[in-house]
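One structure below.
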């Protein structure tokens with residue numbers, strides 16, 4: 046029996062969460078180091094998965110399958126394709142930086158407050174979320190996926206509501222109220238999506254007789270499983286609604302700005318760079334593979350929703366006064382690009398969307414973590430409270446600029462390649478949608494450069510005159526991510542080679558081919 050590598054990759058952070066939570070309350074520093082050690086060990090296993098995965102091999106590799114609830118056809122069934130491998134690697138890569146960035150976020154509150162934060166719980170919850178996200182990327186049993194798709198909401202609820210941002214000027218009591226509101230809103234939105242998906246999961250079982258993604262997809266491809274058109278469309282809508290909430294796609298997005306605003310910066314990165322990717326990943330793995338005809342039927346409406354997300358998110362980002370809310374609305378715009386690439390139904394669009402998931406995770410991590418360091422120094426999230434930071438903290442300002450330029454998809458940085466592919470892939474089949482979406486790039490330049498100008502340039506405000514530059518721990522957090530942004534911007538081939546075969550198979554599932562160019566290339 047071969048070593049269950051996929052199980053180990055998901056189980057290790059879960060074990061780390063239990064071990065970290067069990068550390069005595071007086072040993073807060075030990076809990077931090079233990080969480081960091083488990084996150085690095087998980088990264089090592091994720092790298093092993095990446096190395097052992099053969100992009101030219103079978104669609105699902107490193108598979109595991111065991112009977113679980115036999116009476117209902119539920120199996121513990123895991124397997125990864127190129128898209129899942131890339132996102133597992135992204136998740137495992139970001140968690141150590143999230144732990145390092147949040148090193149002091151759960152320390153006891155300032156003198157004068159008797160309320161202490163359970164430091165061990167903070168890091169244990171982060172590792173628990175990592176475990177659930179990874180197994181969601183690995184699951185090829187629909188019911189198994191659903192369990193962890195929903196279960197990850199619980200630790201996220203406590204991270205948002207229990208360990209919120211300290212940069213509040215309205216007092217601790219009001220801050221706690223706002224955190225609770227954001228956490229409950231996050232939970233209710235996602236639970237609503239999950240309940241609708243549960244109905245669709247049950248409906249799928251009634252139609253197919255089991256929950257195995259591979260068996261159902263194979264039966265559909267061979268003509269052995271027929272679904273009535275109306276049944277397939279209703280089931281698709283049940284799955285898509287849950288994934289659109291998680292993504293988040295307009296108009297189901299309103300929980301995200303509150304959640305990111307009230308979270309600590311590392312938890313905000315966990316939300317938008319890790320957890321939200323499960324929604325867009327699931328659109329590729331489950332919606333397109335299980336319901337190909339319904340996916341094509343819904344494509345025009347979904348593309349309209351995606352382009353609204355792009356423009357709407359960018360416009361609201363332009364008008365924000367809060368740094369975290371600005372980054373949240375920018376992420377809504379970026380997720381619009383990802384969804385648009387998925388449902389453009391072209392190889393360029395879906396390859397670009399998958400690369401966008403990876404690149405957006407890295408670029409958002411850089412920008413949000415630097416914003417967190419900036420906010421913790423000033424004690425305020427308001428853009429108007431900053432000014433002239435680049436003169437007193439040039440390294441902080443420089444890395445903040447790089448993160449901002451990546452967010453607006455500057456050529457030479459990783460997000461440019463993915464955004465370009467999404468736009469090209471969309472334009473070849475839906476030129477009007479592609480043209481409208483291009484305005485999102487212009488707006489991204491506007492909100493990013495205005496943010497930098499208002500916070501980093503101009504006269505030095507008295508409140509930031511003594512602001513320290515990045516410390517060694519903070520440089521250790523952002524420097525590797527900045528290097529990765531540049532490397533993947535110049536040479537995206539390593540990621541593209543992993544995901545492209547899986548994209549081709551996804552297009553084959555929906556029986557779509559790339560449109561032929563109107564003008565043949567010269568030979």
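Residue numbers (our numbering): 46 to 568. Note that beta-carbon positions come from the ideal geometry of N, C-alpha and C, so glycine has one too.
Spatial distance of residue i from residue j (CA atoms)
i	j	result
residue 545	residue 469	16 Å
residue 76	residue 198	23 Å
residue 309	residue 150	7 Å
residue 242	residue 254	17 Å
residue 187	residue 264	15 Å
residue 378	residue 101	33 Å
residue 541	residue 133	15 Å
residue 54	residue 508	46 Å
residue 61	residue 341	42 Å
residue 105	residue 552	16 Å
residue 461	residue 492	17 Å
residue 433	residue 498	9 Å
residue 558	residue 169	45 Å
residue 514	residue 533	27 Å
residue 136	residue 316	11 Å
residue 291	residue 512	37 Å
residue 68	residue 163	11 Å
residue 356	residue 245	31 Å
residue 530	residue 439	20 Å
residue 362	residue 87	35 Å
residue 296	residue 436	41 Å
Test item: CB-CB of residue i and residue j under 9 Å
i	j	result
residue 314	residue 59	no
residue 90	residue 139	no
residue 399	residue 463	yes
residue 51	residue 124	yes
residue 319	residue 406	yes
residue 339	residue 281	yes
residue 287	residue 324	yes
residue 332	residue 285	yes
residue 171	residue 312	yes
residue 445	residue 412	yes
residue 395	residue 548	yes
residue 418	residue 519	yes
residue 560	residue 474	yes
residue 502	residue 428	no
residue 467	residue 393	yes
residue 374	residue 302	yes
residue 452	residue 410	no
Span of the beta strand (DSSP E), counted from its first residue to its last, around residue i
i	result
residue 125	119 to 125
residue 113	106 to 114
Alpha helix (DSSP H) segment containing residue i, residue limits
i	result
residue 393	392 to 423
residue 78	73 to 97
residue 497	476 to 501
residue 358	337 to 363
residue 388	368 to 388
residue 254	First-last for residue 254: undefined, no H or E at that position.
residue 52	50 to 66
residue 260	258 to 266
residue 522	517 to 535
residue 544	538 to 554
residue 465	459 to 472
residue 285	274 to 291
residue 302	300 to 307
residue 448	439 to 452
residue 312	310 to 314
residue 325	322 to 327
Residue of the options minimising C-alpha distance to residue i
i	options	result
residue 80	493, 206 and 144	144
residue 376	429, 342, 345 and 449	449
residue 372	382, 381, 458 and 358	358
residue 556	439, 410 and 391	391
residue 238	423, 362, 294 and 226	294
residue 116	479, 380, 250 and 495	250
residue 5	240, 305, 435 and 174	Residue 5 lies beyond the range of the chain shown here (46 to 568); nothing can be said about it.
residue 525	142, 276 and 137	142
residue 272	289, 87 and 336	336
residue 121	72, 183 and 429	183
residue 233	435, 350 and 300	300
residue 476	389, 204 and 230	389
residue 222	276, 423 and 307	307
residue 70	175, 270, 166 and 185	166
residue 535	494, 252 and 458	458
residue 114	364, 204 and 189	189
Counting only runs that start and end within the segment 163 to 205, where is the alpha helix (DSSP H) found for 4 or more residues in a row? 164 to 183 and 187 to 196
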